[in-house]
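Residue numbers (the UniProt record's numbering): 1 to 441. For glycine and all other residues, C-beta sits at the position ideal for the given N, C-alpha and C.
Quick look at the structure:
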């Protein structure tokens, strides 16, 4: 605990990633583990430090999603994902920053301020799990919990040069998601997931988060699968560098080429091919789930309900976008039917493949304030939010400016093990590296 808090004290003033920390509680729990060590050896994360995105209930903390209207409400219990890590002996370091209400592809709010990318402070680590990604990338945490609806795990991992796993939706309970764990129409699109420096750490942590908790009605009792080590040689892989929606930067395209080269000869089949319906999926999601369909009334009502006199610039920018989205109930019903047609078409694509490899975004980490202006660049992650398949992200290279580049490894539903196996093979290309500002601790 000393080592990690010393690293936090070194890097956090520069990156502003950790925004709440109950060190007294952390040390009390660490001391309890030391006193009871002989009878705790069966715990699988004994003494492992972890951090949590500021969207989860956690005893000893007051999560607020970076929103003044939600601040100051102490948690009375742990979210299921937090309880499961603590139950395995992990020690919580604190809560990490998000954009206000956890809405945005970068991390900034009026309550805690802006989180900066440890590889380049002029850039964003992304959002909404940006604080989590930045802290892990800078060596301030070993393991993290984030969430993802349209790229909120994957984009920050790509931007910050770490690994993550968006689990199959329905694999991990949302119980304890703050402030509501009954997400209604959003439930089929959001998933908790682990963030870490290595694929091996995801292998360890992800199964511990999975399984019903008797509270979340959307979680199915699907057994966790483990592919044999030799399974890689039998996999059929589709890969692409361009989704036909947002043109990738040259560095991103080259990184995908290197990833394909690393797989060539090691898998049963490797085709440069992409699903045909990606553009349709992105358009459907933007009009409904991502913007709301009611000209922003839902967000206006929420702002009034929370009595927010001022909202963050990011949230204002998003609110302006929502006002362009207007759907009737009949139109929304039709979109939901088209969702299922797209899901069916995507599953048919997987008749020929086991895994898809593609970019996380069209660019490397963006400069602060550019995420909504260039929101189309996130189509690569948004499209896979509809199908809710498992997606691993692993760093495979760097841009000419030294910024990390990650790739998505997407598998069929419930086959997180296949996504992780391919990601582990690709991790040999680069993997996590400690940013310059974090070295020497």
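Quiz prompt | Helix, strand or coil at residue 146 according to DSSP, with G and I counted as helix | solution = Mapped onto the chain shown, residue 146 falls at position 146. Three-state result, residue 146: strand.
Exercise. State the CB to CB distance for the pair residue 407 and residue 259, rounded to an integer number of angstroms; the pair is presumed to be in contact (CB under 8 Å).
Key: Here residue 407 corresponds to residue number 407 of the chain shown, with the count starting at 1. Here residue 259 corresponds to residue number 259 of the chain shown, with the count starting at 1. Cβ atoms of residue 407 and residue 259 come within 8 Å of each other, at about 5 Å.
Quiz item: With a CB to CB cut of under 6 Å and the five nearest residues on each side skipped, what residues in its chain are close to residue 213?
Solution: Sequence index remark: in the chain shown, residue 213 carries index 213 (1-based). Excluding residues within five positions, the ones whose Cβ falls inside 6 Å are 80, 173, 175.
Quiz item: Thinking C-alpha only, which one of 248, 288, 22 is nearest residue 333?
Solution: As a first step, residue 333 is located in the chain shown; it is residue number 333 there, counting from the start. Among 248, 288, 22, the Cα nearest to that of residue 333 is on 288.
Exercise. Just list the beta strand (DSSP E) runs in the stretch 96 to 151, keeping only unbroken ones of 3 residues or longer that don't cross its boundaries, in chain order.
Key: Counting only runs of 3 or more residues that sit fully inside the stretch 96 to 151, the beta strand (DSSP E) segments are 143 to 148, in chain order.
Self-check item: C-alpha distance - residue 239 paired with residue 222, whole-angstrom precision
Solution: Position 239 of the chain shown, counted from the start, is the residue given in the question as residue 239. Position 222 of the chain shown, counted from the start, is the residue given in the question as residue 222. A direct Cα-Cα distance of roughly 28 Å separates residue 239 from residue 222.
Quiz item: Considering only residues of the same chain and omitting the five flanking positions on each side of residue 63, which have a CB-CB separation below 7 Å?
Solution: Locating residue 63 in the chain shown gives position 63, counting from the first residue. Same-chain partners within the cutoff: 54, 55, 56, 57, 75, 95, 178.
Self-check item: Start and end residues, alpha helix (DSSP H) containing residue 427
Solution: In the chain shown, counting from the first residue as 1, residue 427 sits at position 427. Element bounds for residue 427: n/a, residue is neither H nor E.
Quiz prompt | Identified DSSP bridge partners for residue 50 | solution = Here residue 50 refers to the residue found at position 50 when the chain shown is read from its first residue. As DSSP reads the structure, residue 50 sits in a beta bridge with 92, 143.
Quiz item: Thinking C-alpha only, which one of 331, 2, 414 is nearest residue 165?
Solution: The residue given as residue 165 occupies position 165 in the chain shown. Shortest Cα-Cα distance from residue 165 to any of 331, 2, 414 involves 414.
Quiz item: Who does residue 393 pair with in a DSSP beta bridge?
Solution: By 1-based counting over the chain shown, the position of residue 393 is 393. DSSP, once it has assigned bridges, lists 164, 408 as partnering residue 393.
Quiz item: Going by the CB atoms, is the gap between residue 435 and residue 156 shorter than 7 Å?
Solution: By 1-based counting over the chain shown, the position of residue 156 is 156. By 1-based counting over the chain shown, the position of residue 435 is 435. Not a contact, by the Cβ cut-off of 7 Å.
Quiz item: Taking three-plus beta-carbon pairs below 8 Å as touching, is the stretch 320 to 338 in contact with the stretch 282 to 300?
Solution: Between the stretch 320 to 338 and the stretch 282 to 300 there are three or more C-beta pairs closer than 8 Å, enough to call the two in contact.
Quiz prompt | N- and C-terminal bounds of the alpha helix (DSSP H) containing residue 13 | solution = Here residue 13 corresponds to residue number 13 of the chain shown, with the count starting at 1. Where residue 13 is concerned, the enclosing alpha helix (DSSP H) starts and stops at 2 to 15.
Quiz item: Exposed or buried, residue 34, counting other C-beta atoms within 10 Å across all chains shown (16 or more means buried)?
Solution: The residue labelled residue 34 in the question sits at position 34 within the chain shown. Exposed, by the Cβ-count rule.
Quiz item: Under the rule that 16 or more other beta-carbon atoms within 10 Å means buried, what is residue 154, buried or exposed?
Solution: Locating residue 154 in the chain shown gives position 154, counting from the first residue. Result: buried.
Quiz prompt | Distance, residue 330 Cα to residue 402 Cα | solution = Along the chain shown, one-based indexing puts residue 402 at 402. Along the chain shown, one-based indexing puts residue 330 at 330. Cα to Cα, residue 402 sits roughly 49 Å from residue 330.
Self-check item: residue 340 - DSSP class collapsed to helix/strand/coil
Solution: Working through the chain shown from its first residue, we reach residue 340 at position 340. Collapsing the DSSP output to three states places residue 340 in a helix.
Self-check item: Residue of 343, 431, 310, 169 minimising C-alpha distance to residue 395
Solution: Walking along the chain shown from the start, residue 395 turns up at place 395. That would be 431, whose Cα lies nearest to the Cα of residue 395.
Exercise. Report the option in 374, 41, 88, 68 whose CA atom is closest to the CA atom of residue 209.
Key: The sequence position of residue 209 within the chain shown is 209, counting from 1. Looking from the CA of residue 209, the closest CA among 374, 41, 88, 68 belongs to 88.
Quiz item: Looking only at DSSP bridge pairs, what is residue 73 linked to?
Solution: For the purposes of this step, residue 73 is identified with residue 73 of the chain shown, where counting begins at 1. Looking at the DSSP assignment, residue 73 forms no beta bridge with any residue, so it has no partner.
Quiz item: Helix, strand or coil for residue 297 per DSSP?
Solution: Working through the chain shown from its first residue, we reach residue 297 at position 297. It is helical.
Exercise. Could you give the DSSP three-state label for residue 19: helix, strand or coil?
Key: For the purposes of this step, residue 19 is taken as the residue at position 19 of the chain shown. In the structure shown, residue 19 adopts extended strand secondary structure according to DSSP, grouped into three states.
Quiz item: Can the beta-carbon of residue 139 be found less than 7 Å from the beta-carbon of residue 438?
Solution: As a working mapping, residue 139 is identified with position 139 in the chain shown. As a working mapping, residue 438 is identified with position 438 in the chain shown. In contact: residue 139 and residue 438 (Cβ atoms closer than 7 Å).
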